[in-house]
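Enquirer: Those sequence lines, one after another, are chains G and F. Okay, so the first sequence: first residue is 1 according to our numbering, each after it adds one. Okay, so the second sequence: first residue is 1001 according to our numbering, each after it adds one. Where a beta carbon is used, it is the ideal one built from N, C-alpha and C, also for glycine. The structure that follows is given in the form of structure tokens.
There are 2 protein chains.
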Amino acid sequence: MSTITSIRQMAADRDDLVEDTGSSIYERLRDDIIHGRVKANERLKVAELASRMGTSTNPVREALQQLRGEGFVIMTPNRGARVRPIDEEFVRDICEIEVLIEPALTRWFVGIATQADIDELERLQAEIEALNFGDEMKHSNLDLQFHRLMYDRHYNRHAVDLWVRHRHILWAISRGFPTSLSRQSNVLDEHRELIACIKAQDAEGAARAIGRHVEGSGRHIIERMRLGRHAV
Amino acid sequence: MSTITSIRQMAADRDDLVEDTGSSIYERLRDDIIHGRVKANERLKVAELASRMGTSTNPVREALQQLRGEGFVIMTPNRGARVRPIDEEFVRDICEIEVLIEPALTRWFVGIATQADIDELERLQAEIEALNFGDEMKHSNLDLQFHRLMYDRHYNRHAVDLWVRHRHILWAISRGFPTSLSRQSNVLDEHRELIACIKAQDAEGAARAIGRHVEGSGRHIIERMRLGRHAV
DNA sequence: AACTTTCAGATCGTACATTCTTTGTCAATA
DNA sequence: TATTGACAAAGAATGTACGATCTGAAAGTT
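Following this line, the structure appears as structure tokens:
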């Protein structure tokens, strides 16, 4: 037993110098694409990436295939992979889809919400307001919990998965961007209105509120992208 | 060398009875999953698949990664891939998403449609009616052209890609299933109503029509799945 | 009975071979 | 002389083979 753990430890130590923070090749590549560290439509050469990542070509190839499945790279036969541009259009497209999906998920939630759910939403909202955008990471987590509480029990797993993926992407893009004061107050307002509608069993109102929420969030991200072009 | 070719030949011969029409490994795997030829949650072993496909393991691995990106298989580290169940729920989930997306795409199309577009739609519709569901493949192609004409120029490439993917999946599932007479007439009616709304510049009406179209199509596929559970 | 050891089966990583694309050079022609 | 075409060689993607590592379960040991 001790031998096994020591071997594992050695492997971990050996990789520390290449800074392998548990992040897989897939995640590193995706992050590079989302944050624009690789230019749009740039060609991704397997051998080059492999040497950069400190591995052989196979893991890179598989990561690229996965990214292709998710639409982050575009592959043409015998001609390799190119990065799909992650620009304002991309964000707008995703947000427009979410403007369609999230209201539907929310409408359904209004029908099944219990008092306990509402209490939990208000508790999270109170925590968010108390934090007041002090810690980006914590806020993001609370916000995630807030929306997850509404969507996680939905029967349409496919739609929820889509939402999760889109949220990951948007979060990765907007990470590091500061949230404007105006957007901050809007976020709080929209959450409060959402809770009020759920309390009043007003499904349509809740749907409209979440629609505005998503749209405002998207607009804010796009504005930030236009300003600070990757303040990594 | 001759040994290798003979081995390949053997593998090819063995698979000829499963019809190897030059289709890629990815497509074959995806087809197997969509058509339920591999059971839900079944484990997919690369070596086994490789020999079945008559190739080495690497192409299979990459195909699996791509399928993972698209959500058809679920992979856990060092533990391989499992099949994501493709059942009525899956179809319902996809259709519900399309019920949200396609009306939005259609609404936009009404705003940019030219007389030439309408003429082309009517031409395609006339062809569809003339064919009258005689040739499944031809009908599918015409129907694809019909909807593609409306969606292809949309600015939201992400939404259109999603539509294309979903349509491929649904088509793969419903291939081989006969279309009931009632559904046939409904399809024609819905197309006609759609064209009428576009002519009249009635965006909302067109959106409602396409919504009913998608919903009816989904319902029909699910009914067929319930009936012919193994008409492979 | 619980824990450890062992081993087969499968995944993951590396190295190499093959095939296709692309690029650059050189000669032939207008 | 400039342009085009063929052709060779480099570059890169795809496929094959094999070794290393991990998992799961069945054996044996205390």
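Where DSSP assigns a beta bridge to A159(G), which residues make up the other side?
Expert: If you number the first sequence from 1, residue 159(G) lands on position 159. None; A159(G) has no bridge partner.
Enquirer: Return no unless some Cβ of chain F is closer than 9 Å to the Cβ of D161(G).
Expert: Taking the first residue of the first sequence as 1, we reach residue 161(G) at position 161. Yes, because at least one Cβ of chain F sits closer than 9 Å to the Cβ of D161(G).
Enquirer: Using DSSP with H/G/I as helix, E/B as strand and the rest coil, what is I86(G)?
Expert: Numbered from its first residue, the first sequence carries residue 86(G) at position 86. Reduced to three states, the DSSP call for I86(G) is coil.
Enquirer: To the nearest angstrom, report how far apart W1108(F) and L1100(F) are at their CA atoms.
Expert: As a working note, residue 1108(F) is residue 108 in the second sequence. As a working note, residue 1100(F) is residue 100 in the second sequence. The straight-line gap from Cα to Cα measures roughly 13 Å.
Enquirer: Strictly below 7 Å CB to CB, what residues from chain F border E62(G)?
Expert: Residue 62(G) sits at position 62 when you count from the first residue of the first sequence. By Cβ distance, chain F contributes R1061, E1062, Q1065.
Enquirer: Would V1060(F) and I1033(F) qualify as a contact pair, given that the criterion is a beta-carbon distance under 9 Å?
Expert: As a working mapping, residue 1060(F) is identified with position 60 in the second sequence. As a working mapping, residue 1033(F) is identified with position 33 in the second sequence. Their beta carbons are not under 9 Å apart, which means V1060(F) does not touch I1033(F) by this criterion.
Enquirer: Classify T106(G) as buried or exposed, calling it buried when 16 or more other Cβ atoms lie within 10 Å of its own Cβ.
Expert: Residue 106(G) sits at position 106 when you count from the first residue of the first sequence. Classification of T106(G): buried, given that the 10 Å Cβ count is 16 or more.
Enquirer: Going by other Cβ atoms of all chains shown within 10 Å of its Cβ, with 16 needed for buried, is S174(G) buried or exposed?
Expert: In the first sequence, counting from the first residue as 1, residue 174(G) sits at position 174. Answer is buried; the Cβ neighbour count reaches 16.
Enquirer: Does the beta carbon of G1069(F) come closer than 9 Å to any beta carbon on chain G?
Expert: Against the second sequence, residue 1069(F) aligns to sequence position 69. Yes, because at least one Cβ of chain G sits closer than 9 Å to the Cβ of G1069(F).
Enquirer: The alpha helix (DSSP H) that contains T1057(F), what's its start and end?
Expert: The count along the second sequence starts at 1 and reaches residue 1057(F) at position 57. Start and end: 1057 to 1070.
Enquirer: Run through the DSSP bridge pairs and tell me what A81(G) is partnered with.
Expert: Along the first sequence, one-based indexing puts residue 81(G) at 81. Beta-bridge pairing links A81(G) to L44(G), M75(G).
Enquirer: Between the C-alpha atoms of G228(G) and S185(G), what's the straight-line distance to the nearest angstrom?
Expert: Sequence index remark: in the first sequence, residue 228(G) carries index 228 (1-based). Sequence index remark: in the first sequence, residue 185(G) carries index 185 (1-based). Each residue's Cα considered, the two are about 21 Å apart.
Enquirer: Considering only the alpha carbon of each residue, which of N1078(F), R1068(F), R1224(F) lies closest to P1085(F)?
Expert: Residue numbering aside, residue 1085(F) sits at position 85 when the second sequence is read from its first letter. Nearest C-alpha to P1085(F): R1068(F).
Enquirer: Counting only runs that start and end within the region 1147 to 1214 of chain F, where is the beta strand (DSSP E) found for 3 or more residues in a row?
Expert: none
Enquirer: Between the alpha carbons of L1194(F) and W1163(F), how many angstroms are there, rounded?
Expert: What you label residue 1194(F) is simply residue 194 of the second sequence in a count that begins at 1. What you label residue 1163(F) is simply residue 163 of the second sequence in a count that begins at 1. Cα to Cα, the separation comes out at about 18 Å.
Enquirer: Is the region 195 to 209 of chain G touching the region 111 to 129 of chain G in the sense that three or more CB pairs, one from each, lie closer than 8 Å?
Expert: Counting Cβ pairs under 8 Å, three or more are found: they touch.
Enquirer: Looking only at C-alpha atoms, which of I1097(F), I1169(F), G1134(F) sits nearest to E1027(F)?
Expert: On the second sequence, residue 1027(F) is found 27 positions in, with the first residue counted as 1. Out of I1097(F), I1169(F), G1134(F), I1169(F) has the C-alpha closest to the C-alpha of E1027(F).
Enquirer: Determine whether the beta carbon atoms of D202(G) and G1071(F) lie at a separation below 9 Å.
Expert: As a working mapping, residue 202(G) is identified with position 202 in the first sequence. As a working mapping, residue 1071(F) is identified with position 71 in the second sequence. No, Cβ-Cβ distance for D202(G) and G1071(F) is not below 9 Å.
Enquirer: Check for me: the alpha helix (DSSP H) holding A113(G) runs from which residue to which?
Expert: As a working mapping, residue 113(G) is identified with position 113 in the first sequence. Here A113(G) belongs to no alpha helix (DSSP H), and DSSP marks it neither H nor E.
Enquirer: Is it true that the CB of E88(G) sits closer than 9 Å to the CB of R226(G)?
Expert: Counting from one through the first sequence, the residue named residue 226(G) turns up at place 226. Counting from one through the first sequence, the residue named residue 88(G) turns up at place 88. Yes, the Cβ-Cβ distance between R226(G) and E88(G) is below 9 Å.
Enquirer: Tell me which residues of the region 148 to 159 of chain G have at least one Cβ-Cβ distance to chain F shorter than 9 Å, keeping chain order.
Expert: Taking 9 Å as the Cβ-Cβ cut-off against chain F, the residues of the region 148 to 159 of chain G that qualify are Y155, N156, R157, H158, A159.
Enquirer: Could you give the DSSP three-state label for K39(G): helix, strand or coil?
Expert: Here residue 39(G) refers to the residue found at position 39 of the first sequence. If DSSP states are grouped into helix, strand and coil, K39(G) belongs with coil.
Enquirer: Is the beta carbon of A104(G) sitting closer than 9 Å to the one on A159(G)?
Expert: As a working note, residue 104(G) is residue 104 in the first sequence. As a working note, residue 159(G) is residue 159 in the first sequence. Yes. Within cutoff.
Enquirer: Taking any Cβ of chain F, which residues in the region 90 to 115 of chain G have a Cβ under 8 Å from it, in chain order?
Expert: F90, R92, D93, I94, E96, I97, L100, I101, A104
Enquirer: Check whether the Cβ atoms of R43(G) and R82(G) sit closer than 9 Å, and answer yes or no.
Expert: Locating residue 43(G) in the first sequence gives position 43, counting from the first residue. Locating residue 82(G) in the first sequence gives position 82, counting from the first residue. Yes, the Cβ-Cβ distance between R43(G) and R82(G) is below 9 Å.
Enquirer: Rounded to the nearest angstrom, what separates V1091(F) and A130(G) at their Cα positions?
Expert: As a position in the second sequence, residue 1091(F) is number 91, starting the count at 1. As a position in the first sequence, residue 130(G) is number 130, starting the count at 1. Each residue's Cα considered, the two are about 43 Å apart.
Enquirer: Inspect the beta-carbon positions of G218(G) and E136(G) and report whether they are closer than 9 Å.
Expert: For this step, residue 218(G) is matched to residue 218 along the first sequence. For this step, residue 136(G) is matched to residue 136 along the first sequence. Not a contact, by the Cβ cut-off of 9 Å.
Enquirer: Looking at I1128(F) and D1143(F), is the spacing between their C-beta atoms short of 9 Å?
Expert: If you number the second sequence from 1, residue 1143(F) lands on position 143. If you number the second sequence from 1, residue 1128(F) lands on position 128. Yes.
Enquirer: For Y1155(F), count neighbouring Cβ atoms within 10 angstroms of its own Cβ and tell me buried if that reaches 16, exposed if not.
Expert: Locating residue 1155(F) in the second sequence gives position 155, counting from the first residue. Per the 10 Å Cβ criterion, exposed.
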